[in-house]
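*Asks:* In terms of our numbering, the sequence shown opens at residue 1 and continues consecutively. Here a beta-carbon is modelled for each residue, glycine too, at the ideal position from N, C-alpha and C. No experiment lies behind these values; they were computed from the predicted model shown.
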Amino acid sequence: MAADTNELQAIDTAWQIAIQEILRMVIRDMYRAGGEEHFKEQIARIEEAAVDSIHTDLRLRGTTEWTEVLVKERASNFVTTLLTSFTFDRA
């Protein structure tokens, strides 16, 4: 059982790293030309829209209300964690 848990944790961590790197590159490329203030505004807008979308549009089939609330909360936290980890790259 421990091996299964370790493998699931490794997959989860790898998925998070991959998504963060993709987002980092996309966000950097999309907003580099607009300057730092524009970059920060866009990150805040994306975060707000993503969290709002998670809370209003995410529908999980075959789950309990508790599980759905928990998933929405965690997904929202992931969005915030990812987006607040980005900094404006002047390079």
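For Asp29 and Trp66, what's the separation of their Cα atoms in angstroms?
*Replies:* Against the sequence shown, residue 29 aligns to sequence position 29. Against the sequence shown, residue 66 aligns to sequence position 66. If I take the Cα positions, the gap works out to 38 angstroms.
*Asks:* Alpha carbon to alpha carbon, how far is Arg45 from Ala10?
*Replies:* Taking the sequence shown and counting its residues from 1, one reaches residue 45 at position 45. Taking the sequence shown and counting its residues from 1, one reaches residue 10 at position 10. Taking the straight line joining both Cα atoms gives about 31 angstroms.
*Asks:* Helix, strand or coil: which one does DSSP assign to Gly34?
*Replies:* Within the sequence shown, numbered from 1, the residue matching residue 34 stands at position 34. Residue state, collapsed to three classes: helix.
*Asks:* Around the C-beta of Ile17, are 16 or more other C-beta atoms found within 10 angstroms, so that it is buried, or is it exposed?
*Replies:* By 1-based counting over the sequence shown, the position of residue 17 is 17. Exposed: under 16 other Cβ atoms inside 10 Å.
*Asks:* Hey, Ile19 and Phe86: beta-carbon distance below 8 angstroms or not?
*Replies:* The sequence position of residue 19 within the sequence shown is 19, counting from 1. The sequence position of residue 86 within the sequence shown is 86, counting from 1. The answer is no: Cβ separation not under 8 angstroms.
*Asks:* Mapping the DSSP letters down to three states, classify Phe39 as helix, strand or coil.
*Replies:* Here the question's residue 39 lines up with position 39 in the sequence shown. It is helical.
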